[in-house]
Amino acid sequence: MIQLLCPTHWTEYELLDCGDFEKLERFGNVVLRRPEPQAVWKKVYSEDVWKKKTQIFFKGRSATAGDWIKQNKALPDRWNIAYKNNDIEFKLRLGLTSFKHVGVFPEQAVNWDYSSACIKKFQDPQPKVLNLFAYTGAASMAAKSAGADTTHVDSIKQVVNWANENQELSQLNDIRWVVEDALKFVKRELKRGKKYHGIILDPPAFGHGPNGEKWKLEDHIQEMMQDVVQLLNPEEHFLILNTYSLGFSSVIVENLIRTSFPQVENLETGELFLQASSGVKLPLGVFGKFAKFKS
Ligand SMILES: C[S@@+](CC[C@H](N)C(=O)[O-])C[C@H]1O[C@@H](n2cnc3c(N)ncnc32)[C@H](O)[C@@H]1O
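So for the sequence shown, this note's numbering puts the first residue at 3; every next one is plus one.
The structure is reproduced here in structure tokens:
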């Protein structure tokens, strides 16, 4: 059955409203207004309410870049938020980037909870987790905080440095940082005979390796899936595949997983969304995940 999942307990993050191609969100004490291409419906709160609540808004300069405009000078460019659930706890440094991102994708909290629950359930006392396309590392912090020996792979040095800041801020240590093309790294690990208990993949629609290697979701995901499942520890494991390419459905993700890994057990697929306090739901990607445990 296809599931619809959203984080429900994260008090430091709140989607207030969305619509008319924008979203209004609170990260800690800071309320941001920024573009959201999927919000094709009418916003629920009035423009007056949006104006009153907004502290910082994003003004586009081109299709991909823009500037953040603050309502007063005391508002920060950088600030921290914390995440806590069951046995995991970490902090993230947020920042206003010119690409309208702030350093975290809050809907992913559902996946952090899944990976940490699997890590706690494994019999191996220090399971190995591989986070591919790992960005500023929220999923790496969750895995490390749950006790996994964690490897973080991303092609951009600056975002890996940002992830390293998050590790320090969270008082965690020993995450293995890799700045490399994700597909190349997976192929190298296969050659070395490496195995991982957990693999998290959150590939973008388009991307580049550090040496210009091209990543295009529909062209490369099949090869990636076929390689990555061979890295799984055969006795106990989990895998999370997340995509947010417009047009990719959870049935596509199910087919990708089943055809790459016919022996899959406990497969769950569905859509991730954020519940706005105004009442609407904002869809933010599809997932497929599965786990196997020793009995
Ligand atoms: C949207 S982010 C993933 C979000 C992340 N999983 C999270 O929840 O915080 C996509 C990341 O993939 C990285 N990337 C793009 N192409 C890549 C490639 N070929 N190899 C490795 N990383 C790549 C980008 O630098 C970016 O940080």
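Don't be surprised by glycine CBs; every beta carbon is placed ideally from N, CA and C.
The beta carbon of P285 lies closer than 8 Å to those of Q40, E273, L274 and F275 in the same chain, with the five residues before and after it left out.
In this structure, ligand 1 has no non-hydrogen atom nearer than 7 Å to the beta-carbon of I242.
The secondary-structure analysis by DSSP pairs H154 across a beta bridge with N133 and W179. Rounded to whole angstroms, C120 and W43 show a C-alpha spacing of 37 Å. Counting C-beta atoms within 10 angstroms of its own C-beta, V33 has 16 or more neighbours from the protein chains shown and is therefore classed as buried. With respect to G209, S157 sits close: the two C-beta atoms are nearer than 8 Å. Here T10 is exposed. Its C-beta has fewer than 16 other C-beta atoms within 10 Å. Here DSSP, grouped into helix, strand and coil, assigns W114 to helix. According to the DSSP assignment, K296 belongs to no beta strand (DSSP E), since it is labelled neither H nor E. By the C-beta criterion, the stretch 232 to 241 is judged not to be in contact with the stretch 212 to 223, since fewer than 3 inter-stretch pairs fall below 8 Å. Fully enclosed alpha helix (DSSP H) runs of no fewer than 4 residues occupy 184 to 193 and 219 to 230 of the stretch 180 to 246, in order along the chain. For P206, the CB falls within less than 7 Å of some heavy atom of ligand 1. The beta carbon of V162 sits closer than 6 Å to those of D156, W179 and V181, all from its chain and outside the five residues before and after it, given in chain order. Of the residues assessed, F101 falls on the exposed side of the cut-off, its CB having fewer than 16 other CB atoms within 10 angstroms. If you keep only unbroken beta strand (DSSP E) runs of at least 3 residues inside the stretch 17 to 84, you get 24 to 29, 32 to 37, 58 to 62 and 68 to 72.
The beta-carbon separation of N82 and L171, rounded to 6 Å, stays under the 8 Å limit for a contact.
Per DSSP, the unbroken alpha helix (DSSP H) holding E167 starts and ends at K159 to L171.
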